[in-house]
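Participant: In this note's numbering, each residue carries its 1-based index in the sequence shown increased by 3.
Take a look at the following structure, please.
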Amino acid sequence: MERRSGAAELLRAQWDLLRGWLEDERVLDHAGAPSGLGAWTVSDLVVHLGFALRMVAEVTPSEREPLTLVEYVGGYAPAHDQIAADTHEVADQHRGRELAGIDSLAAPAWAAIAAGLPDVVLGRRGPLRGEDFLLTRLLELVTHGDDLHRCLLQHTGADRPTPLLPAAVDPVAAALAEGYEQVAGARPAWTGLELVRLATGRTPSDDPHLPLLS
């Protein structure tokens with residue numbers, strides 16, 4: 004029997020929209036163009052979407068005390084070089100067939116979600132509640148979907164529809180707002196996608212508590 008949570012439903016809906024948008028907007032016509040994220044090309048970033056989702060199928064049950072979502076994603080920055088190296092390796096395997104590649108990368112994730120995740124899982128950055136781990140995957144899709152949208156606007160100069168679901172942006176922003184309050188002692192003045200961009204370092208800020216992750 005398939006077991007799907009609210010986070011799983013949102014993750015699938017956001018993936019389906021983003022996957023269709025990549026194809027409909029011919030994003031990979033710009034495969035070799037800079038993505039705006041260091042040395043990553045658009046091709047690299049597209050494949051990273053599937054690579055990040057595949058990690059759902061890699062988690063194992065854990066009896067350790069789970070980290071908060073913001074604590075977990077705070078582990079991304081120290082692992083930046085490894086994440087970049089892993090992404091380049093996977094991207095090279097799917098060069099020229101990126102869309103088929105991310106479909107194959109995502110397939111095991113959907114199977115794992117259908118089977119149901121443990122209450123607490125061990126991911127690459129430590130233990131985390133299963134629902135929160137799915138929210139980290141949603142954060143990946145929202146953040147990098149927005150990266151690709153802004154990148155496409157830059158390379159084409161034309162307005163393009165957003166690949167993001169408001170219903171997916173909201174819980175990501177809410178989790179980041181909670182993380183901001185934990186470190187700053189007050190709620191952030193920003194909401195929605197504006198907060199996501201600030202918290203992930205996409206938009207510069209003089210706030211000493213930002214970015215929360217990068």
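Ideal Cβ placement from N, Cα and C applies to all residues, glycine included.
Do you know how far the Cα of residue 112 is from the Cα of residue 59?
Facilitator: The alpha-carbon atoms of residue 59 and residue 112 are separated by roughly 5 Å.
Participant: Would you mind working out which of 88, 54, 18 sits nearest residue 104, comparing C-alpha positions?
Facilitator: Closest by alpha carbon: 54.
Participant: To the nearest angstrom, how far is it from the Cα of residue 138 to the Cα of residue 177?
Facilitator: If you take the alpha carbons of residue 138 and residue 177, they lie about 11 Å apart.
Participant: Residue range of the alpha helix (DSSP H) that residue 172 falls in?
Facilitator: Run containing residue 172: 169 to 187, per the alpha helix (DSSP H) assignment.
Participant: Could you please give the first and the last residue of the uninterrupted beta strand (DSSP E) stretch that includes residue 124?
Facilitator: Its beta strand (DSSP E) spans residues 123 to 126.
Participant: By Cβ distance below 8 Å, which residues in the same chain neighbour residue 141 in space, the five residues on each side in sequence not counted?
Facilitator: Excluding sequence neighbours, residue 141 sits near 10, 13, 14, 17, 171, 174, 175.
Participant: From the DSSP output, which residues share a beta bridge with residue 131?
Facilitator: In DSSP, residue 131 forms a bridge with 70, 124.
Participant: In three-state DSSP terms, what is residue 63?
Facilitator: Residue 63 falls in the strand class under three-state DSSP.
Participant: Measuring only the C-alpha atoms, how far is residue 128 from residue 164?
Facilitator: Residue 128 and residue 164: Cα-Cα distance of roughly 33 Å.
Participant: Any idea if residue 85 is buried or exposed, counting beta-carbon neighbours within 10 angstroms, 16 or more meaning buried?
Facilitator: With fewer than 16 Cβ atoms within 10 Å of its Cβ, residue 85 is classed as exposed.
Participant: Roughly how many angstroms lie between the CA atoms of residue 201 and residue 181, to the nearest whole one?
Facilitator: Answer to the nearest angstrom: the Cα atoms are 14 Å apart.
Participant: With distances taken between CB atoms, is the gap from residue 64 to residue 121 smaller than 7 Å?
Facilitator: Going by C-beta atoms, residue 64 is nearer than 7 Å to residue 121.
Participant: Taking a contact to mean a Cβ-Cβ separation below 7 Å, would you say residue 145 touches residue 167 in this structure?
Facilitator: Going by C-beta atoms, residue 145 is nearer than 7 Å to residue 167.
Participant: Mind checking residue 132: buried by the 16 CB within 10 Å criterion, or exposed?
Facilitator: So residue 132 ends up on the buried side.
Participant: Take the Cβ of residue 155 as the centre, count every other Cβ of all protein chains shown within 10 Å, and call the residue buried at 16 or more, exposed below.
Facilitator: So residue 155 counts as buried.
Participant: In angstroms with no decimal places, state the Cα-to-Cα distance between residue 6 and residue 31.
Facilitator: Per-residue confidence for residue 6 stands at a pLDDT of 49, beneath the threshold of 50, marking its modelled position as unreliable; the derived number appears in the next sentence. So the alpha carbons of these two residues sit roughly 34 Å apart.
Participant: Taking its Cβ as the centre, do 16 or more other Cβ atoms sit within 10 Å of residue 208, making it buried, or is it exposed?
Facilitator: So residue 208 counts as exposed.
Participant: Quick check on this structure: which residue in 123, 75, 179 has the alpha carbon closest to the alpha carbon of residue 67?
Facilitator: That would be 123, whose Cα lies nearest to the Cα of residue 67.
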